[in-house]
Amino acid sequence: MERTWPPPSNGSHFTSLSLLKTHGDIDKPDLFPKRTSFKFPAKSTHSSTRHSIFCSRSSSSSSSSSSALANRNDFSMLPYDILTKIAATFGHPNLQAASLVCRSWRDALRPLREAMLFLRWGKRFKHGRGGVRTNLQKALDSFLKGAARGSTLAMVDAGLVYWEMGKKAEGIALYQRAAALGDPAGQCNLGISYLKAESPNPKEAVRWLYQASVAGHARAQYQLALCLHQGHGVEQNLPDAAKWYLKAAEGGYVRAMYNVSLCYSFGEGLVQSHRLARKWMKRAADHGHSKAQFEHGLSLFSEGEKMKAVVYLELATRAGETAAAHVKNVIFQQLSATSRDRVMLLADNFRALPSSR
């Protein structure tokens, strides 16, 4: 079982990773160019001729500059390899939209559109959907065909299958390809792989988890927060850990919701607030976190809300929290028969809110 809350420690502060900086000075334009003298002709008989000459020069200059600007903004001139790298992380809707921009893009993105078909079949074989039986090998073959066409989504799914098969080196190689192309899921999985490898590399793990976290990947944010909390691969920094827990929780990651509640409850990395601790504990419980259901049930019982308490304690018991069963049974005996039936009906009809897990 994954450890979600490390013991407190007095570690030194973590120095956040620096952003890229641009070096070198930019040439400044000449804001005050030298004036050039011009003498008008003595006679005005050739003024129309002069005027036509100047007009033609101005027109020529304007057309050339417009042409240059058009060439700069003509994205259809992008090389195919550059375009496919940019679109490597695209899902099916974005690929369809990009393919409608122009014929050049449509042709360049054809391999990635084909990859989406293989990705779809791979998921069907992996999960036994769409009228096909579960077949992990066929799923892997489909994912690999999608990966060969440049899709990072297929690379990540193929890496997951390899990992499940115990072929971790092959899985990591695919995660590396996806991560290098900027896929946040690939970066997250690569970071976690470095943490769980036979020879762990926590510093490299934190580097990739940080990149995925900045891109908004909730699971990566949670894993990065754990590393900061435990001082694993970086110097321990509770305020930064709490910050990333909070970001992951706001992104729907249920384990982070539970840890945010603990941060507020104990004042670790965040200003202590029992109101916010209760809010996040309830949110984690409603998203299906069994420990949160147990603790929220105890909190409700202490406030005199027996029926609500029993509902959450029953849910925690069903999820495997054995300690919740004893407390639930004690409270359950204090309820009327009608209340007991009502409590069990509520527990039976409970559906956890969706989360990114």
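Going by this note's numbering, the sequence shown opens with residue 37, and the numbers climb by one from there. A virtual CB, placed ideally from N, CA and C, is assigned to each residue, including glycine. From a predicted model like this one, the values you see are computed outputs, not experimental measurements.
Neighbourhood of residue i by C-beta, 7 angstroms cutoff - its chain only, sequence neighbours within 5 removed
| i | result |
| --- | --- |
| P275 | G305 |
| M191 | A183, L210, R213, A214 and G222 |
| V270 | F50, V242, C263 and L264 |
| W316 | A285, M293, V296, S297 and Y300 |
| R319 | M293 |
| W199 | G207 |
| K279 | none |
| G164 | T170 |
| K121 | L217 |
| S249 | A256, Q257, L260 and W280 |
| R376 | F368 |
| T188 | A124, T125, A214, L217, D219 and G222 |
| F386 | L351 |
Residues near residue i by beta carbon distance below 6 angstroms, same chain, minus five either side
| i | result |
| --- | --- |
| A292 | Y258, Y281, A284 and A285 |
| K230 | As written in the sequence, residue 230 is Tyr, which differs from the Lys given in the question. Cβ within range, chain order: N237, E240 and A241. |
| H268 | P238 |
| G166 | R160 |
| A360 | F330, L349, A352 and T353 |
| D66 | With a pLDDT of only 39 at D66, under 50, the local geometry of the prediction cannot be trusted, and no value is derived from it. |
| D322 | L389 |
| A277 | A261, L264, H265 and G305 |
| P69 | With a pLDDT of only 42 at P69, under 50, the local geometry of the prediction cannot be trusted, and the value read off the model is given with reservation. Here the set comprises nothing. |
| P115 | none |
Residue i vs residue j beta-carbon contact at 8 angstroms
| i | j | result |
| --- | --- | --- |
| V346 | L371 | yes |
| L312 | Q329 | no |
| E234 | R185 | no |
| S135 | Y289 | no |
| A256 | P220 | yes |
| A388 | G333 | no |
| V168 | R156 | no |
| R314 | S335 | yes |
| G207 | G195 | yes |
| M152 | L176 | no |
For residue i, the nearest candidate out of the options (CA to CA)
| i | options | result |
| --- | --- | --- |
| L180 | G158, G166, G167 and W199 | G158 |
| L349 | W316, A383 and L145 | A383 |
| L298 | L231, R169, K327 and N273 | K327 |
| M201 | K162, P236, G167 and K239 | K162 |
| Q369 | S229, F386 and K342 | K342 |
| L172 | W141, N225, D193 and A144 | D193 |
| G340 | D322, M317, L196 and I367 | I367 |
| T125 | H268, L148, H310 and Y294 | L148 |
| A205 | A216, G218, T188 and K232 | K232 |
| L119 | Q132, G127, L145 and A278 | L145 |
| D117 | H128, A277, W141 and A321 | W141 |
| G127 | V197, F154, K364 and Q266 | F154 |
| K364 | A373, T374, L381 and F337 | F337 |
| K174 | Q266, V197 and M113 | V197 |
| E357 | E331, R376 and T374 | E331 |
| K251 | H362, Q266 and C224 | Here the sequence assigns Ala to residue 251, which means Lys is not the residue at that position. Comparing Cα-Cα distances from A251 to each of H362, Q266 and C224, the minimum goes to C224. |
Close-in-space but distant-in-sequence residues of the same chain around residue i (CB under 8 angstroms, 5 per side omitted)
| i | result |
| --- | --- |
| Q308 | Y300, S301 and F302 |
| A254 | K283, A284, G287, G288, Y289, A292 and S392 |
| V379 | M343, V346, V347, E350, F368 and L371 |
| T374 | none |
| P129 | none |
| H310 | Y300 and S301 |
| L381 | none |
Proximity test, residue i beta-carbon vs the ligand FAD heavy atom, cut-off 7 angstroms
| i | result |
| --- | --- |
| A277 | Among the components of this structure there are no ligands whatsoever, and the ligand FAD is therefore not found. |
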